[in-house]
Structure formats: C-alpha cells, structure tokens
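Residue numbers (my numbering): 36 to 415. Where a beta carbon is used, it is the ideal one built from N, C-alpha and C, also for glycine. On a predicted model such as this, the values are computed, not experimentally measured, just so you know.
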C-alpha cells in the first residue's frame with residue numbers, strides 16, 4: 036500500500052492513485068470551531084498562525100492526507116536604505132515607508148471574531164494613484180534577498196514532522212497583478228492604473244517580479260515539495276484579458292524554475308475562475324489550487340476538467356462543508372458527484388478546509404463522506 040505522500044505524488048504525476056487524496060487545511064481565517072472539540076486538539080491548535088503546525092494537527096486528527104501550507108522561510112528579505120515607521124493602536128497598524136521616490140502610507144486593521152478567527156485588511160493601501168508607483172518600485176528595488184539558515188532549518192524540521200503523511204507547500208507571493216489588487220492598491224485603484232497609467236504599472240510589475248523570482252530561487256533550495264503562487268485570481272478583479280497580458284509568461288517562468296528544482300508549481304485561485312481556465316491550460320502550472328465549485332465558485336469539476344485538459348490537477352475545495360448541511364444525503368451526493376466528474380482520478384485532489392461555523396462532528400461527517408466516495412480500490 037502506498038503512503039499518503041506517494042499517493043499524492045501519483046496524482047501530480049498523472050497516475051491513478053490508490054485512493055483519491057483528501058487533504059486538510061487550517062489557517063487564521065479558516066479554523067475549526069472549538070465548541071465540543073477534543074481538548075487535546077484545542078491545546079495542539081492553540082492560537083492559529085500562518086506557517087504554524089495547525090494544518091498538520093488538524094489533518095492528523097481527522098485522518099486526512101497532509102498538504103501543509105507552510106511558506107518559504109528559507110528566503111529572507113530586508114530593506115537596505117528604505118526605512119519604515121510603524122505605529123500600533125489596538126488592532127490598527129499604520130506604516131509609513133520612506134523611499135528615495137517619496138513616502139507611502141498604509142493602514143491595516145485586524146478583525147477578531149468571537150469564534151477565534153482572525154483576519155486583516157487594508158483600510159488604506161500604499162498606492163493611491165500613478166504618482167505612487169515609482170515609490171512602490173523603489174521599495175522592491177531596495178530589497179536584499181538572501182538565504183536564511185534558520186528558515187532552512189525550520190523547513191527541514193517541518194519536512195521531518197510530516198514524513199510520509201504528505202507534502203509541504205512553499206507558498207509565495209502571487210503575480211504582481213494579483214498582489215497589486217490584494218495588497219498594494221486595492222481593486223478600484225488598480226482599475227484606474229490599468230487604464231490611465233499602463234506603462235508605469237507594467238514597469239512596476241517588472242521590478243516586483245524580479246524580486247519575487249529572487250525569493251523563489253532561494254526557496255527552491257529548501258525541502259519544500261511544491262511552490263504555490265498565492266494569487267487569489269478571480270474574474271471579479273482580474274479579467275481574462277488582464278491575466279493573458281501579464282501572467283502567462285510569468286507563470287511559465289515560475290513553473291520552469293520549480294520543475295528544474297524537482298518541485299511542482301500550483302496556482303492558488305479561490306474565486307470565480309471559469310473564464311480563466313482556458314488561459315491556465317496554456318501555462319505550465321501543475322495544479323489549480325483551491326478550485327472553487329458552486330455555489331461559492333462558478334465552475335464545476337466536470338467543466339474544469341474539460342477546460343483544463345488532462346495535464347493540470349484540480350485541487351477542489353469541498354464546499355459542501357460551507358453550505359447547508361441539514362440534508363446529509365444531499366451533502367454525500369454532492370461529494371460523490373464531484374468525484375464522478377473527476378474520473379479517471381489521475382489529476383484530482385479534494386481539500387477540506389476548516390470552517391469556524393462547523394463543529395468537528397460536522398467536519399468529520401464530511402471527511403468520512405469524502406473518504407467513502409474516494410476509495411477507488413474498492414471499485415475494482
């Protein structure tokens with residue numbers, strides 16, 4: 036019998052696995068409800084933070100395969116001349132960046148829910164207009180990217196912790212286009228820049244991606260199995276024409292570097308992606324990570340399989356856990372339908388994300404339904 040790690044690698048190499056992998060995910064935005072939770076798991080999870088062992092703990096508790104959203108701490112980034120002033124008032128952080136091309140200010144607010152979920156958002160972005168693009172580019176130009184021995188060691192320790200139970204994902208910044216709307220400018224300002232300052236915007240993107248690739252080159256020397264470009268691409272903010280103009284060659288460059296280092300390359304895009312899939316098919320990406328089905332997304336597994344072809348793996352979120360669960364048979368059937376649509380199962384993975392509105396009893400029901408429907412060997 037294969038190990039979970041070997042079984043996951045089968046899928047990514049386009050071989051039919053012994054069972055359909057069902058992987059878990061936990062992060063500060065998505066973490067299980069503590070109500071009725073095993074005290075041992077409560078203690079092990081603690082305060083969930085990015086890059087901690089919560090996904091490993093959550094997955095092992097439920098008997099899931101591990102696909103750990105770890106990051107790439109092997110690469111350290113520091114500013115040489117650009118300086119930052121920061122003030123913190125409660126859950127609001129204000130930063131002012133002093134660059135050779137002017138100052139930029141951002142304001143970030145942390146939101147805390149009663150169930151323990153922690154999220155953050157920019158109430159003021161660094162880039163407010165075309166005049167700020169040169170200063171943003173200056174921040175990136177000033178960066179020194181270098182190996183971090185402590186980060187390399189942490190990656191080695193995480194690899195040992197996971198062992199044969201799964202894979203370690205080295206998450207990195209998304210495309211400059213994706214990072215602009217998510218972090219640096221917001222959607223409205225990006226739309227303005229795209230139309231009124233296209234050349235300056237592209238020049239800034241070039242500088243950003245050069246530094247992102249430097250970080251990638253360092254991270255690839257560590258013991259990660261997969262590179263994940265965290266783009267959150269969705270047609271609600273990035274049109275197919277925008278993606279085609281900016282991200283096709285970029286994605287191929289990242290994927291080529293990952294492949295040369297013996298790693299896989301995933302594109303993280305949890306949103307409305309149906310009209311982007313034909314473009315994804317033209318790239319060398321290995322998987323669409325967090326493929327979002329209806330009702331949260333706008334494309335089914337069957338439609339995605341047809342649009343992506345037989346090379347790109349679908350890592351589909353089990354959104355039945357997020358929707359109504361009063362009809363358990365309907366939930367089971369929804370999961371079975373996804374799996375039937377993925378036939379012949381040589382490029383398909385199910386992802387169970389922790390939801391704070393769900394108890395562990397409800398989560399375990401969904402996990403058991405996934406495992407039952409995904410036992411391929413029982414069908415032979």
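Bounding residues of the alpha helix (DSSP H) (the contiguous stretch that carries residue i)
i, result
"residue 216", "No alpha helix (DSSP H) holds residue 216; DSSP gives it neither H nor E."
"residue 342", "336 to 343"
"residue 322", "Segment 322 to 326 is the beta strand (DSSP E) holding residue 322; no alpha helix (DSSP H) there."
"residue 331", "Looking at the DSSP string, residue 331 is not in any alpha helix (DSSP H), and its letter there is neither H nor E."
"residue 42", "39 to 47"
Residue i - containing beta strand (DSSP E), residue span
i, result
"residue 406", "Taken as a continuous stretch (DSSP letters only), residue 406 belongs to no beta strand (DSSP E), being part of the alpha helix (DSSP H) at 395 to 408."
"residue 101", "100 to 104"
"residue 386", "383 to 388"
"residue 182", "178 to 182"
Backbone secondary structure at residue i - three-state DSSP
i, result
"residue 203", "strand"
"residue 413", "With a pLDDT of 46 at residue 413, under the threshold of 50, the predicted position of this residue should be treated as unreliable, though the coordinate-derived value follows. Here residue 413 sits in helix by DSSP."
"residue 139", "strand"
"residue 352", "strand"
"residue 229", "helix"
"residue 162", "coil"
"residue 152", "coil"
"residue 313", "helix"
"residue 167", "helix"
"residue 234", "helix"
"residue 147", "strand"
"residue 359", "coil"
"residue 186", "helix"
Whole-Å CB distance - residue i paired with residue j, under 8 Å assumed
i, j, result
"residue 301", "residue 322", "4 Å"
"residue 221", "residue 132", "Actually they are not in contact, since the Cβ atoms of residue 221 and residue 132 sit about 17 Å apart, beyond 8 Å."
"residue 112", "residue 134", "With 8 Å as the limit, residue 112 and residue 134 do not qualify as a contact, their Cβ atoms being about 15 Å apart."
"residue 93", "residue 61", "4 Å"
"residue 267", "residue 324", "So it is not a contact: roughly 10 Å between Cβ atoms."
"residue 409", "residue 55", "3 Å"
"residue 35", "residue 207", "With the chain covering 36 to 415 only, the question about residue 35 has no answer from this structure."
"residue 77", "residue 66", "At roughly 11 Å, the Cβ-Cβ gap does not stay under 8 Å, so residue 77 and residue 66 are not in contact."
My parser needs the alpha helix (DSSP H) runs of 4 or more residues fully inside the segment 239 to 311; what are they? For the segment 239 to 311, the full-length alpha helix (DSSP H) segments reaching 4 residues or more read 275 to 295 along the chain.
May I have a chain-ordered list of the alpha helix (DSSP H) segments no shorter than 4 residues that lie completely inside the segment 51 to 134? Taking only runs of at least 4 residues, the alpha helix (DSSP H) segments lying wholly in the segment 51 to 134 are 74 to 80, 89 to 97.
Any 3 or more C-beta pairs closer than 8 Å across the segment 363 to 380 and the segment 395 to 409: Short answer: they touch.
Is the segment 134 to 145 in contact with the segment 280 to 290, if contact means three or more CB pairs nearer than 8 Å? Segments in contact, no.
Count Cβ pairs between the segment 190 to 200 and the segment 97 to 110 that sit closer than 8 Å; are there 3 or more? The answer is yes - the segment 97 to 110 touches the segment 190 to 200, with three or more Cβ pairs under 8 Å.
Counting beta carbon pairs with one atom in the segment 249 to 262 and one in the segment 193 to 210, are three or more of them shorter than 8 Å? Flag = yes, the segment 193 to 210 and the segment 249 to 262 touch.
Validate contact between the segment 155 to 174 and the segment 205 to 223 using beta carbons, cut 8 Å, 3 pairs: Yes: at least three Cβ pairs fall under 8 Å.
Contact the segment 64 to 77 vs the segment 36 to 52: 3+ CB pairs below 8 Å: Taking a cut-off of 8 Å for Cβ pairs, the segment 64 to 77 and the segment 36 to 52 do not touch, as fewer than three such pairs fall below it.
Do the segment 224 to 237 and the segment 291 to 311 touch if we need at least three Cβ pairs shorter than 8 Å? By the criterion of at least three beta-carbon pairs nearer than 8 Å, the segment 224 to 237 is not in contact with the segment 291 to 311.
Evaluate contact between the segment 167 to 180 and the segment 235 to 249, counting only Cβ atoms and requiring at least three cross-stretch pairs below 8 Å. Yes: at least three Cβ pairs fall under 8 Å.
Is the segment 330 to 342 close to the segment 385 to 395, with three or more CB pairs under 8 Å? Contact between the segment 330 to 342 and the segment 385 to 395 is absent: fewer than 3 CB-CB pairs across the two stretches fall below 8 Å.
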